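Written out below as structure tokens is the structure these notes cover.
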Amino acid sequence: MKMINFLKCVAFLLLPFFTCAQQIDTSQVTLLKKRAEFFEDDLQTDSARVYYQKVADIYEKYSLKELYYKAILDKVKQFYTEKNYDSVKRNTEEVYERIKKDLPDNKDLLAYCYRYWGQVALRLGNFKKALSLHEKGLQLIKEKKKPTYIELLLTLGKADALDYQGYRQKSEQLYKKGLKIIEERFDRALKKIKIIEHLFWYNLIYTYVSYGDNNKGLEHSFRAIKILNEIPSSKANTKRLLDVYYNQAGCYKNTHRYKDALRVYKKCIRLQNELNPADVDEISDFTLRIGNVYLAQSKSDSAVFYIQKAINYLLKKYEATHVKLADAYYILAFTYTKQEKYDLANENYSKALSSLKNKYGKIHPNLVLLYLYMGINYLSMEKPAPALEAFQVGLMSNMRNFKNPDLYAIPRFNDYYNLNFFFGMLIGKGIAFGRMKKEKIKNLKASLQHFRAADNFIKEVRRRVSRKNDQLLIARNISEISSNSIFTCEQLYNITHERKYLDEAFYFAERDKASLLLKSQAEANAKKFGGIPSDLLAQEKKLRTEIATYQRKLLLNKKEELRDSLAKANQAYEVLTKRFEQRYPKYAQIKFDLKLATPTGVQASLDAQTALLEYTFCHKSVYLVVITKRNYQLIRIPEVKKVQAQLEAYYEAIQSESRLRKFAPVSHQLYQTLVQPAKKYLDGIKKLVVVAPSLESNPFEALITQLPANLNLNNFAGIHYLNKQYQISYHYSATLWQKEVVQKAKQHSNTIDFIGFAPFSTGESKIYTTTRGTGDQLPESGIELKKIYNLFEKSRLNAEISLSKTATKELFIQKMAKARIVHIASHSEANTQKPGLAKVRFSGCGGRTQDVSGCLLASEIYNLEMNADLLVLSSCSSGVGKLTKGEGIFSLARSFLYAGAHNVVFSLWDVDDEYTKKLMIAFYKHFLSNPNSDGYQKALQLARNQLAEQNIHPKHWAGIVLIGK
């Protein structure tokens, strides 16, 4: 933060002055001014001062006092570039007194002096004084009817002063106000206007990062860079670009785009070497940030290398005890904490703490991150008491007004400087209280109180964050709360036996499940029932589609014009949604009313034959919630690493089609770990709803409940699979499952019972079977679809199918909203790095080309409006995607659920064309014998059993699963 503060201030004062309309008609003055500006742009401050003085001398000779003082102030400005703040302050005071005497009515010149003083105060960390000085400058010119250049400068400075004090909303408003004034009232082609416009965008980067809106900050960094690239090249402009790149790299790091972060930080070093390779402060800071990026990736050895390199740079200029080395010391210490090298960690924490306390005192914003790291270090050493002390002092250092040393005290949410540090301190205190041995109940309650506070705080943060990717980062924070709070709830329940702690454990388990999907569904309902006029809804949909289109194109081709178009569309969309929230109260109420399911509510939605099993993976254990009509239990499964190892062994055994002697033991072992603990609560149960985002690649259906007598026979028929005992379905959360149970699908007047698409088959088997991944023809898919069509026709139900070239993406989009059941038998491709590029291939979609015009991308599916009761993805890996903490897997299946499909059948891996055909035909046969939504689970169970009894390996039937009610 300190580096960013400095960069803001330096960039601010490098702005050229407004030049009065009055000019001396001599080539000498023009030449001298050009030379002064050249040296200023070249960062040759001594020479710039000399030439600004020569310009001032000529103006003084002609008694042009206003121009004289402007030239003198330009001269003074060079001291700021040199970081000679005493000279700036002293010279500005002298100039101010002379202006008051010679030109007392020239408010603009006097306001410039306040700007200088305000910038010095910002640089020295006196933010309140800086705010006051900028406000005094604005007060001087308040009677101006038209906006002036000095008004822009003072507005920018005031916004900075507010931003540094943590008043983000106020600073954001001022930054936006400045940009609006520039757009409406100034010539944006002028160099000085370009410079100040870039500064407004540049400073907004840090404001949005402070909100957790990193992607919006990243977007603004590209805007600032574009403006600077329109300015002629110079050292001063390179310095401005470097400052923007520095913040841009921070955005990349915060969004886990580590390769981009490293690339940009290294670019900063290259630019700094071009400007001034002797500036060890700058080079060291960029090097330190590279170390930080490696630390964020848990690449500790690389982190230590770069952090030590940064320290060595600084030791060329400073003593080892100098405060300039403190940041590097405590970041190095935290790296050692991660490596469990606690002696080295404590040594470096001590060095950092000593120098920072000597400079700033015990409680100061510049010590916040140090205290956070020290607290985490104490927790790692199993020392909760000193950890609590460190976190509490860290909280006080991070707050403007909260200075309460009481360990049990929690500050207000609107008083912090840094959002992430505030959240980290609350979580840290919650963990530390939970580990205290003395006054167990009191401290466990304090632990839970801090987790509740962190949860409420993150809810407020999420409401302010607009970009989807940043919402996902917040989901990680929610997951961090849940991973620690459930243990506290369990401990309190074990001691007090009060049911409310079980209920709260379930609440936190649900908070860790698909919160973004739940939020998105609430927003969709808000648009439907919020009373918004149809023309505005059409405008919203148009903008949403544009954003998805630009995002997709950017993933394939990073062109600058696409970034601009996306930025404008995002801005327009945010303005529109804010308008919805402000003008339509019902919309806002529905959108933000994200009530989670309760155990009692889930029990009310369950029938007597259904049980819900919800799994939450925490740091040390897995927690299983078992809910039936009459029962509710919280079960702790110890040793999370052991569970993860069993999951990996099970998945590998299925994927490799292992022989029975290998597959059966690992399958049975996983059954004993995940399901056996709940068995005594499952009497009379026939259906299982499994809520387990972290288990999505591991089908429960093929878990073996009882080992076969002879493993050497390799006979997969007659095995006691869990699928034989239960009808199994999945969901992202109990809340989403319950909503599906409660609400009924909207009915259409012209409903089609079944519509199917097989773009890579004519319906005749002509070539050998292949998998439904990225290949070409899938002959069995057309046969599959024809037979299913005949089944519907035989049942006198309305059905339509499209094969080969007629099965286009356009036809699918046109027809899918009218059908109760939609079936796609095709190729599909997952994308674990860029989930938005996962695709279902229709006719015209190339397999290995950049042309995706005939493909249906996941990013497009999110903008569809479906109401199918069942969507079947009879294709490869339609449930594979990027696993995100707190959300689950972002896959094609999830995107269809988001679009409005109530139930989705999908595949967990690449599936065989022939076996998939058999399974799907069997599924529909069984379903049509009982054609209602309750029959999906039963039909899929029977279809799987049918293949299993044919001695077919579980790989070919267990990977087709159902998510839904």
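The numbering used here numbers the first residue of the sequence shown as 30 and each following residue consecutively. All residues carry an ideal CB built from backbone N, CA and C; glycine is no exception. Keep in mind the model is a prediction, meaning the values are calculated, not measured.
Query raised in the report: From PHE841 to GLY988, what does the alpha carbon distance come to, in whole angstroms?
Result: 25 Å
**Request:** Report the residue from LYS199, GLU201 and ARG269 whose alpha carbon sits nearest the alpha carbon of ILE225.
**Result:** ARG269
Length-filtered (3 minimum) beta strand (DSSP E) runs lying within the segment 829–861:
848–854
Exercise. On the three-pair Cβ rule with 8 Å, is the segment 726–739 touching the segment 690–697?
Worked result: yes
Bridge partner(s) assigned by DSSP for LYS868: GLU858 and LEU886
Using a threshold of 9 Å, state whether the C-beta atoms of SER920 and MET949 are closer than that.
no
*asked:* Quick check on DSSP: helix, strand or coil for THR364?
replied: helix
Q) What separation, rounded to the nearest whole angstrom, lies between the Cα atoms of PHE135 and SER92? A) According to the sequence shown, residue 135 is Asn rather than Phe. Those two C-alpha atoms are separated by around 15 Å.
CB-CB under 6 Å to THR913, same chain, minus the five flanking residues each way: which ones, in chain order? LEU501
Problem - Between the CA atoms of LEU547 and GLY279 - distance to the nearest angstrom - result: 29 Å
- CA nearest to the CA of CYS518, picked from VAL934, MET454 and PHE462: PHE462
Around the Cβ of LYS346, are there at least 16 other Cβ atoms within 10 angstroms (buried) or fewer (exposed)?
exposed
Query raised in the report: Between which two residues does the alpha helix (DSSP H) harbouring LYS386 extend?
Result: 371–389
Where ILE319 and PHE783 are concerned, what is the direct C-alpha to C-alpha distance, given to the nearest angstrom? 55 Å
message = Here's a check: name, in chain order, each residue in its chain whose Cβ is nearer than 7 Å to the Cβ of LEU982, leaving out the five neighbours to either side.
response = In the sequence on display, residue 982 carries His and not Leu. The residues are GLU686 and PHE745.
First through last residue of the beta strand (DSSP E) which encompasses PRO415:
Taken as a continuous stretch (DSSP letters only), PRO415 belongs to no beta strand (DSSP E), being part of the alpha helix (DSSP H) at 413–426.
Query raised in the report: To which residues of the same chain is THR316 closer than 6 Å at the C-beta, ignoring the five residues directly before and after it?
Result: TYR335, LYS338 and ALA339
In whole angstroms, what separates the C-alpha of PHE480 from that of MET428?
19 Å
For the putative contact between GLY873 and THR837, defined by C-beta atoms under 8 Å, what is the C-beta separation to the nearest angstrom?
6 Å
Between the alpha carbons of GLN705 and LEU642, how many angstroms are there, rounded? 12 Å
Sub-9 Å separation of ILE507 and GLY195 beta-carbons: no
Terminal residues of the alpha helix (DSSP H) in which PRO667 lies: Not the alpha helix (DSSP H): PRO667 falls in the beta strand (DSSP E), residues 661–667.
Exercise. Taking C-alpha atoms, which residue in LEU699, ILE683 and ILE656 lies nearest to ALA674?
Worked result: LEU699
| request: Can you have a look at TYR88 and say buried or exposed, based on whether 16 or more other CB atoms are within 10 angstroms of its CB? | output: buried
Around the Cβ of THR799, are there at least 16 other Cβ atoms within 10 angstroms (buried) or fewer (exposed)?
-> Confidence is the limiting factor: at THR799 the pLDDT is only 44, short of 50, which leaves the residue's position unreliable and the question unanswerable from this model.
| request: With a threshold of 16 other CB atoms inside 10 Å of the CB of ARG78, please say whether the residue is buried or exposed. | output: buried
Along the alpha helix (DSSP H) that carries LYS1038, what are the first and last residues, could you check? The structure shown does not extend to residue 1038, since the chain spans only 30 to 994, so no value can be given for it.
Worksheet item: Around the C-beta of GLU894, are 16 or more other C-beta atoms found within 10 angstroms, so that it is buried, or is it exposed?
Response: exposed
Roughly how many angstroms lie between the CA atoms of ASN599 and SER514, to the nearest whole one? 36 Å
Proximal residues to ASN498 (C-beta, below 7 Å), its chain only, five neighbours per side dropped
ASN244 and THR284
Q: Answer with buried or exposed for PHE956, where buried requires no fewer than 16 other C-beta atoms within 10 angstroms of its C-beta.
A: buried
_Which of the three DSSP states is assigned to GLU89 in this structure?_
helix
LEU60: buried (16+ other C-beta within 10 angstroms of its C-beta) or exposed?
exposed
Self-check item: Same chain, Cβ closer than 7 Å to ALA774, neighbours up to 5 away in sequence not counted
Solution: Here the model assigns ALA774 a pLDDT of 45, short of 50, so the residue's position is not dependable, and the following value carries that caveat. Cβ neighbours of ALA774 beyond the five flanking positions: ASN896, ASP898 and HIS931.
| request: Mark LYS282 as exposed unless 16 or more other C-beta atoms lie within 10 angstroms of its C-beta, in which case mark it buried. | output: buried
Q: Could you check which residue in LEU477, TYR141, GLU303 and ILE179 has the C-alpha nearest to that of SER27?
A: In the structure as shown, the chain starts at 30 and stops at 994, and residue 27 therefore has no counterpart that could be examined.
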